[in-house]
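Engineer: This structure is in structure tokens; I'll ask about it shortly.
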DNA sequence: GTCTATATACGGATAGAC
DNA sequence: GTCTATCCGTATATAGAC
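In structure tokens, the structure reads:
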């Protein structure tokens, strides 16, 4: 950890701190302390604090598949189950943190009310990258879900639910609203599959 | 406006500013300027900035029915349509602000990572008050939605979707993900009603 | 209750030696 | 590339006259 290049250590520390405390509540001094480097090094790599944020968001974006999706899907192959396996990862994050740590991208998206365009774009890119993965699952599952099924719209809906569910779990400090949302999403998929099966019978 | 008691002017200004810029990005000086009062008055009414936040959250909570629900439901009587009428209010807020202003409670809930317990409780109370109203609609609509229908779980699901949809609309600066989420929720209710109608035929 | 002036701390960012 | 020391603005909060 200490042997990593300084720039990477700074990004790694910021990634953790921005997730735990938020962007504004994390001072440049916090990042310096956690990465064991000093002011001169920091500003050598990042002209401003926001440039560090951009690097963090880019690292999140690049990490969606290797750091989030692949671990979640290693032992799950059914496309619909993969969606719920991903949601289970967020549940685990909430559980391990007593419902304080959820989705860092969602938190940043609402914390920064008037983000710099480059920041906003990277937040959006993170959402899009996540939704892309869900959509892949839905395309694969399409035959069970009806011909006129809109895979993109539904993939976006899954992100909507994950983010809203994390928000409530954090606010109530309770997994129940998260579990409730996931259970209701499950109902929805079941209803779609039942409807499609009925169509095929007819 | 200028004739209002000072304390109310402070709360009103803070309510607006916290919604527009967030809590941390709003300085006490901002609130003083917008409410046309000075430091001495501010700290006469609110010992700390957080005490002002508590007053704002309490005002939001008390305003759910008179300021949000009643206007949204004045001309709508079908219980399911009332749910969509409420969601349409949020769409209007997004539209009027070019997708920058969504749900101030949700924004505060994710901005404040380790809120004071009193703050967190008031955020939760706001969510609960909102969900209560949705649940009333679902109880009224129950006969069309199936006997084993869980009204509380589904009401919480509606909040989940609203918050997640607002988050995405703000991040993309585009109403499309919001509309997509609402349309998918509509599909879900339609599926529930269809399933219940089929049950009754059988 | 309201005003002005100010204490005090901490934030992001910079200077310049090494 | 890394270090120490520091500038300077702004933040919350206070003091004390009126």
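Residue numbers (the numbering used here), protein chains in the order written: chain A, 103 to 304; chain B, 103 to 304.
Glycine included, C-beta positions come from ideal geometry on N, C-alpha and C.
Please read these numbers as outputs of a predicted model, since none were measured by experiment.
Determine, using beta carbons only, whether residue 273 of chain A comes closer than 9 Å to chain B.
Structural biologist: Residue 273 of chain A counts as touching chain B.
Engineer: Look at residue 298 of chain A and residue 247 of chain A and say whether their C-beta atoms are less than 9 Å apart.
Structural biologist: Yes; because the gap between Cβ atoms is below 9 Å, this pair is in contact.
Engineer: Please list, in chain order, the residues of the region 222-237 of chain B that have any C-beta partner in chain A closer than 8 Å.
Structural biologist: The residues in question are 222, 225, 226, 229.
Engineer: Please report how far the alpha carbon of residue 103 of chain B lies from the alpha carbon of residue 287 of chain B, in whole angstroms.
Structural biologist: For residue 103 of chain B, the pLDDT reaches just 49, beneath the cut-off of 50, and the residue's location in the model is therefore unreliable, leaving the point undetermined.
Engineer: Leaving out five residues on either side along the sequence, give the residues of the same chain with a beta carbon under 7 Å from the beta carbon of residue 277 of chain A.
Structural biologist: Only 193, 196, 197, 201, 271 meet the Cβ criterion.
Engineer: Assign residue 216 of chain A to one of three DSSP states: helix, strand, or coil.
Structural biologist: Reduced to three states, the DSSP call for residue 216 of chain A is coil.
Engineer: Below 7 Å on C-beta distance, what does residue 259 of chain B contact in chain A?
Structural biologist: What residue 259 of chain B touches in chain A: 282, 283, 286.
Engineer: Using a C-beta to C-beta distance shorter than 8 Å, which residues of chain A count as neighbours of residue 255 of chain B?
Structural biologist: Neighbours of residue 255 of chain B on chain A, chain order: 282, 285, 286.
Engineer: Exposed or buried, which one is residue 138 of chain B when buried takes at least 16 other CB atoms within 10 Å?
Structural biologist: It counts as exposed.
Engineer: Would residue 290 of chain A pass as an interface residue toward chain B - the criterion being a Cβ-Cβ separation below 9 Å?
Structural biologist: By this cut-off, residue 290 of chain A is an interface position.
Engineer: CA-CA distance, residue 250 of chain A and residue 290 of chain A?
Structural biologist: Those two C-alpha atoms are separated by around 16 Å.
Engineer: Where does residue 172 of chain A land, buried or exposed, given buried means 16+ other C-beta within 10 angstroms?
Structural biologist: By the neighbour-count rule (16 or more Cβ atoms within 10 Å), residue 172 of chain A is not buried but exposed.
Engineer: Give the C-beta separation of residue 91 of chain A and residue 283 of chain B to the nearest angstrom, bearing in mind that I take them to be a contact with Cβ-Cβ under 8 Å.
Structural biologist: Limits of chain A in this structure are 103 at one end and 304 at the other, which puts residue 91 of chain A out of reach.
Engineer: On the three-state DSSP scale, how would you describe residue 127 of chain B?
Structural biologist: The answer is coil: DSSP assigns residue 127 of chain B none of H, G, I, E or B.
Engineer: Residue 176 of chain A lies in the alpha helix (DSSP H); which residues open and close that run?
Structural biologist: Where residue 176 of chain A is concerned, there is no enclosing alpha helix (DSSP H), given that its DSSP letter is neither H nor E.
Engineer: Report the option in A:116, A:217, A:152, A:185 whose CA atom is closest to the CA atom of residue 242 of chain A.
Structural biologist: Considering only alpha carbons, the answer is A:185.
Engineer: How many angstroms separate the CA atom of residue 125 of chain B from the CA atom of residue 304 of chain B?
Structural biologist: Cα to Cα, the separation comes out at about 55 Å.
Engineer: Just reading off the alpha helix (DSSP H) that residue 262 of chain B is part of, what are its end residues?
Structural biologist: Unbroken alpha helix (DSSP H) run through residue 262 of chain B: 253-274.
Engineer: So, residue 112 of chain B versus residue 141 of chain B, is the Cβ gap smaller than 9 Å?
Structural biologist: No, Cβ-Cβ distance for residue 112 of chain B and residue 141 of chain B is not below 9 Å.
Engineer: Our contact map puts residue 170 of chain B next to residue 221 of chain B with C-beta atoms below 8 Å; I'd like the distance itself, whole angstroms only.
Structural biologist: Between residue 221 of chain B and residue 170 of chain B the Cβ distance is about 20 Å, and since that is not below 8 Å, they are no contact.
Engineer: In chain B, which residues lie less than 7 Å from residue 124 of chain A when you measure between Cβ atoms?
Structural biologist: Within chain B, the residues near residue 124 of chain A are 213, 215.
Engineer: Relative to the ligand SAM, is the shortest distance from any of its heavy atoms to the C-beta of residue 218 of chain B smaller than 8 Å?
Structural biologist: The ligand SAM is not among the ligands present in this structure, which contains no ligands whatsoever.
Engineer: Any idea what DSSP makes of residue 200 of chain B, helix, strand or coil?
Structural biologist: Coil, per DSSP.
Engineer: Does the Cβ of residue 187 of chain A have 16 or more other Cβ atoms within 10 Å, making it buried, or fewer, making it exposed?
Structural biologist: That one is buried.
Engineer: Given a cut-off of 9 Å on the beta-carbon distance, is the pair residue 168 of chain B and residue 238 of chain B in contact?
Structural biologist: Against a cut-off of 9 Å, the Cβ pair of residue 238 of chain B and residue 168 of chain B comes out as no contact.
Engineer: Let me know the alpha helix (DSSP H) ranges lying completely inside the region 276-302 of chain A, each 4 residues or longer, listed in chain order.
Structural biologist: Counting whole runs of 4 or more residues, the region 276-302 of chain A contains no alpha helix (DSSP H) stretch at all.
Engineer: If I measure Cβ to Cβ from residue 214 of chain A and keep anything under 7 Å in the same chain, skipping five residues before and after, which residues do I get?
Structural biologist: Cβ neighbours of residue 214 of chain A beyond the five flanking positions: 125, 221.
Engineer: Between which two residues does the alpha helix (DSSP H) harbouring residue 158 of chain B extend?
Structural biologist: 151-165 is the span of the alpha helix (DSSP H), which, as asked, contains residue 158 of chain B.
Engineer: Closest by CA to residue 256 of chain B, which one among B:275, B:230, B:158?
Structural biologist: Checking every option, the nearest Cα to that of residue 256 of chain B belongs to B:230.
Engineer: Please classify residue 242 of chain B: does DSSP put it in a helix, a strand, or coil?
Structural biologist: Three-state DSSP puts residue 242 of chain B in a helix.
Engineer: Please list the terminal residues of the continuous alpha helix (DSSP H) segment that includes residue 309 of chain B.
Structural biologist: No answer is possible for residue 309 of chain B: the residues shown for chain B start at 103 and end at 304.
Engineer: Strictly below 8 Å CB to CB, what residues from chain A border residue 127 of chain B?
Structural biologist: Simply 126, 215.
Engineer: Taking only beta-carbon positions, decide if residue 296 of chain A is within less than 9 Å of chain B.
Structural biologist: Yes - at least one Cβ of chain B is within 9 Å of the one on residue 296 of chain A.
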